[in-house]
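These notes are about the structure you will find just below.
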Amino acid sequence: MNSSIAKIFTNRSTFLGLLVVVLGFGLSFLSPYFLSISNLLEMTQFGAVLALLGLGQTLVIIGGRGGIDLSVGAVLSFSGVLMALLYHAGVNIWPAAIIAIFIGGLLGCLNGFFVAVLNMPPLIVTLGTAYIFSSISLVITNGVPVSGFPAGFDFIGQGKIMGIPAQVLLIVIPVFMVMLWVINKTTFGRWIYMVGVGDTAARLAGIHVKKVRVMLYGISGLLAGLGAVVMSSWLMAAKPDIGTGYDMQSITVAVLGGTSMMGGEGSVSGTLLAVLIITMIYNGMQLANITSVWQLAVMGIVLLCSIIANNIFESRSRQTVKKSK
Amino acid sequence: MKKFGLLIAILLVMVIIGTQLMGCFAANEKLKIAFIPQLIGIPYFTAMEQGGKDAAKQFGVEFDYVGATTASAPEQVRIMDSLITQKYDAISVSVLDSVSINPIIEKAKKAGIAVFTSDSDSPNSERQAYVAQALDRDLGYTLLDTLAKQLKNQGKIGIVSGESTATNLNAWIGYMKERIKKYPKMSIVDVRFTTGGSSEDAFRQAQQLMVRYPDLKGLVAVASSTIPGVARAVESTNKIGKVKVIGYGSPNTVRPFVKKGIMEASILWNPRELGYLTVWAGMKLAKGESFSETNKVPGLAQEIKYFPDQKILLLGSPLVITKGNVDTFDF
Amino acid sequence: MTVSHDFNPGTKPFSMGYLLKRREFIVFLLLILEMAVFGILTTGFLRIDNLMTIFQNSVDLAVIAAGMTLIMIMGGIDISVGSLLGVIAIVVGWMIQADLGAVPIILAALSIGALGGTVNGLIVAYGKVPAIIATLGTSNILRALIFGMLGGVWITGLPPTVEFLNIRIFGWLPAVTLIIVIVYVIFWYFTKYIRLGRAIYAVGNNAEASYLSGINVGHVTVAAHAIIGALTGIAAISYIARMGSVEMSVGLMLPLQAIAATVIGGTSVTGGRGSVIGTLIGVLFINILQNGILLLGVPSMMEWAIVGFFIIISVSFDMLGTKKIIH
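Chains as they are written, first to last, in this note's numbering: chain A, 1 to 325; chain B, 1001 to 1331; chain C, 2001 to 2327.
Dropping the structure here:
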């Protein structure tokens, strides 16, 4: 096998980038509407919230020790509802949004506390808190969506700057940039990966493992809170069950993006590409009026095939490396 | 590698130009009408789809039924957005959440698309009409009155609904609560919600309600997906006849339970006709025609009333499905 | 309560310290406490027909959770069980409608289940896809299959081919609950005395070491997934017997409930530790909780908050307990 081609397939981000292009072609044959500039730009708004949650999920999973956050959807619902109730209690919308984001962070830290300090399994902790947070959001709103946000608030979710949805340009891209910087240029970024590889080694390297892990869950919560603001502005309503299903979707994009469930491995750019892929598939198939049942199945197939394919190329390239040695 | 990138870029540009041109040339003579249900996979909306298809054949228009696999408001927005991009002439939606759908309805209207609601409404939106099966108030009242007659105006009632956030279900429950004041010896003891309107969850909730209130006389299964579970719960606890089950279920869904005597009646309308009427209304709106106070729709027996102040097109009054007429329907 | 293997030869059986360390014992105490509280605070909870209803409703979850225990002991997870149950339930429904006898139906359910499980196992073992992702993928595909198979209508009003499962032995014991007894006895024996059962613990404890000791990790993984698949087939039959109908949201809550029950019962999410008896107690704990909170008159929307609260409490209790013993 040609070595440069092998490199394309083994580097997850390049592999995903290529997949984006291939899908772009494929989907443009399915529907003539797909490959128009306005559609390609508008399409991104449907991936914005998922991108935020997926980025948080990526960090939590990289952080290792079975790291996973099943509560992101519930935190999203809860923060959104809380922001709406605060607004109706007389708080100005923007402070209310900031409070909601912080409450999201706080709920994330609560998860982190259970996981890192009390040593409880992340899967089960976040499953439990997911049940609790989503139930509380239903109870405090009585199941009824809260609306009546002020007119200017819809800018985040519905505004456009040069045709690009504001939530992508003003929220997702900056968040992504900051995360890229944190991960590649700061000590904290290095700590995340070291913690993910193994607790003992990280502790020996002088890292406060528990603190790092609480922060990772806190960041996931913060991003879910931010997602809540975007979602509320997009729908101009806070729905108490809006986050349902986002937990699994965010895990899907993280893993599709190359994050290892074992921890210590993964990249935020991979996750973002994965969000793009999923958004493209949904959008393209929807434009071709292919029923959402098929969208469900294709998602499953893409998820499985891309990971298996990547694994195969990876093990092959490892073999060629061995041979050349 | 650079060459490879350049090649891709050139191809991309070509495809974009090509598709834009195609968009111009693809002039379609037929009107394109779409309906977005709350979710797919449930017999009620499947019946609406069939009715819509019948109408499409009758009137020579194109009809598409496009829905998500879960009842989710963002999914409805996403689907509607894709329909706008596809330049449909008329889009109808069975609204899940009467607030979050409004911005996209506005967007569709701006794009010059006739946009209206069917089956479930968003009264404060920019929708051009609401094709209603029957009025929410009539549905709530009729169900409670029918049940009251079965229970001889006394007894405790439990309600099993779908998701606690479903706007239309909550509206019907609200009217039931309003109506029950007319019957001083009747009371609603509890309203239970089920996750995803799951039949299994409904089964469990109904069983437990009967344990908690041993003197329970009636169970209302509000979401059609909860009917099999609630009816089964009554059957398996041997309370057929002692606890009356009623709900908003299609004849095909309730037939076995009506025949076994678990349900004496189900309140519904003909979703097939509703789908039919939806396509007819879409056609009229897309052509820019207006409705008169009473309309004759080819293919529908009854006259269709229109209330211009609320812009509601009314299919008729609720239908009470009983043992006597359940076999005459197939939807 | 002494069924689990945790490869901890230092503790003496039946000493107080040993019992307090046994997760099953703690959860069992919690279960008794829970039943006492509901018995005192509600009327009707302790009535025999209510208790039997709880058992009857626990069958699908209990059977699947037994398989989930195996998978989780191995360090895996399976979130496709709900969708797989749905697909099998539809096939079973069709076969009942076609008036095929109980035996072919049971065989079909078991084999479709085992087949589905094997596919999961192959993807996990040889495709090297993490179990949570592999089963999420197959779950999506199977859920799509459910929609396609039902074609927008539901299966209702089935003839009573499998109704014999609802017969009440002695007038109070639903026959279907015997499935729990049979499955759990087999599992107890399986994990304790059969080579494959012990191999699963070994793989969960240390995959590399068990590979070196001659266990074929891939085969064990596939076998465990095939087993949970076959169990899902059994659960599907009990589901049909209980519900008599199938709609498209069938089994949606099942995977997470099975995982919760398994973990409450003491199975470690990271593998290597767990017992099927603990899982059974976990299943009963959750179902009794859901039953009791309705009888207490807790509003519907609060239900899951309470379940979530107890999930966390029961796991944190365990964590604190083990910590004390270590110090």
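From the three backbone atoms N, C-alpha and C, an ideal C-beta is built for every residue, glycine too. Owing to the predicted nature of the structure, the values given are computational and were not obtained by experimental measurement.
If I'm right that Asp-1081(B) touches Ile-1104(B) with Cβ under 8 Å, what's the distance once you round it to whole angstroms? 6 Å
Would you decide whether Arg-12(A) is buried or exposed? Buried here means 16 or more other CB atoms lie within 10 Å of its CB. buried
Could you tell me which residues DSSP pairs with Thr-1117(B) in its beta bridges? Val-1093(B) and Tyr-1130(B)
Would you list, in chain order, the members of the segment 2136-2169 of chain C that have their beta-carbon closer than 7 Å to a beta-carbon of chain B? Phe-2147, Leu-2150, Gly-2152, Val-2153, Trp-2154, Thr-2156, Gly-2157 and Asn-2166
Tell me which residues of the segment 1237-1261 of chain B have at least one Cβ-Cβ distance to chain C shorter than 9 Å, keeping chain order. Thr-1237, Asn-1252, Thr-1253, Val-1254, Arg-1255, Pro-1256, Phe-1257, Lys-1259 and Lys-1260
Could you have a look at Gly-1023(B) and say whether DSSP puts it in helix, strand or coil? At Gly-1023(B) the pLDDT is 49, less than 50, meaning the model places this residue with poor confidence; the figure from the coordinates comes in the next sentence. The answer is helix: DSSP assigns Gly-1023(B) an H, G or I state.
Pick from Ser-31(A), Ser-36(A), Gly-47(A) and Leu-19(A) that is closest to Tyr-246(A), judged by C-alpha positions: Gly-47(A)
Do the CB positions of Met-1941(C) and Trp-2172(C) come within less than 8 Å of each other? Given that chain C is displayed from residue 2001 to residue 2327, the structure contains no residue 1941(C) and the question cannot be resolved.
Quick one, which of Pro-2159(C), Gly-2086(C) and Ile-2182(C) has its alpha-carbon nearest Ile-2141(C)'s? Gly-2086(C)
What in chain C is Cβ-close to Ile-1079(B), meaning under 8 Å? Within chain C, no residue comes near Ile-1079(B); the closest Cβ sits about 16 Å away, beyond 8 Å.
Roughly how many angstroms lie between the CA atoms of Ile-278(A) and Met-43(A), to the nearest whole one? 11 Å
Buried versus exposed call for Leu-226(A) [16 or more other C-beta atoms within 10 Å across all chains shown]: buried
Determine the direct distance from the alpha carbon of Ile-2240(C) to that of Gln-1038(B), and round the result to whole angstroms. 27 Å
Give me the residue from Gly-1060(B), Tyr-1130(B), Ala-1223(B) and Gly-1041(B) with the minimum Cα distance to Asp-1309(B). Tyr-1130(B)
For Asp-1089(B) and Lys-1032(B), believed in contact at Cβ under 8 Å, the rounded distance: 5 Å
Determine which residues share a DSSP beta bridge with Val-1245(B) and list them. Leu-1219(B) and Met-1263(B)
Along chain A, in chain order, which residues have C-beta atoms closer than 9 Å to that of Gly-1067(B)? Thr-291 and Ser-292
Take Ile-207(A) as the anchor and find which of Trp-181(A), Gly-63(A), Met-162(A) and Ser-260(A) has the nearest alpha-carbon. Gly-63(A)
Which term fits Ser-38(A), buried or exposed, when burial requires 16 or more other beta carbons within 10 angstroms of its beta carbon? exposed
Count the C-beta pairs between the segment 1040-1054 of chain B and the segment 1264-1277 of chain B that are closer than 8 Å, then say yes if the count reaches three, no if not. yes
Assuming contact is defined by CB atoms lying nearer than 8 Å, are Ile-68(A) and Val-75(A) in contact in what I supplied? no
What residues match up with Arg-1192(B) in a beta bridge as DSSP calls it? Val-1160(B)
Exposed or buried, which one is Tyr-2193(C) when buried takes at least 16 other CB atoms within 10 Å? exposed
Proximal residues to Ala-261(A) (C-beta, below 7 Å), its chain only, five neighbours per side dropped: For the record, residue 261(A) in the displayed sequence is Met; it is not Ala. Excluding positions up to five away in sequence, the list reads Ile-61 and Val-255.
Would Phe-188(A) be called buried (16 or more neighbouring beta carbons within 10 Å of its own) or exposed? exposed
Under 9 Å Cβ-Cβ, which residues of chain C neighbour Val-255(A)? Val-2129, Pro-2130, Ile-2132, Ile-2133 and Leu-2136
For Gly-2093(C), does the count of other Cβ atoms within 10 angstroms reach 16, so buried, or fall short, so exposed? buried
If we ignore side chains and look at the alpha-carbon of each, how far apart do Thr-1085(B) and Asn-289(A) end up? 12 Å
What does the alpha-carbon distance come out to for the pair Asp-1145(B) and Ile-2105(C)? 44 Å
Cβ-based neighbour list, Trp-1280(B), same chain, cut-off 6 Å, excluding 5 preceding and 5 following: Ala-1055 and Val-1297
Inter-residue spacing [alpha-carbon to alpha-carbon] between Val-1189(B) and Asp-1138(B): 22 Å
Looking only at its own chain, which residues have a Cβ that is under 8 Å from the Cβ of Cys-1024(B), when we skip the five neighbours before and after it? Unreliable positioning characterises Cys-1024(B) in this predicted model, as indicated by a pLDDT of 47, which lies under 50. The coordinate reading is nonetheless provided below. Taken in chain order, the list of residues that qualify is empty.
Residues of its chain near Lys-1259(B), where Cβ-Cβ distance is below 8 Å and the 5 sequence neighbours each way are ignored: Lys-1323 and Val-1326
Closest by CA to Leu-1285(B), which one among Val-1066(B), Thr-1117(B) and Thr-1069(B)? Thr-1117(B)
Considering just the uninterrupted stretch of the alpha helix (DSSP H) at Asp-1145(B), what are its terminal residues? 1136-1150
Kindly indicate which three-state DSSP category Met-280(A) falls into: helix, strand or coil? helix
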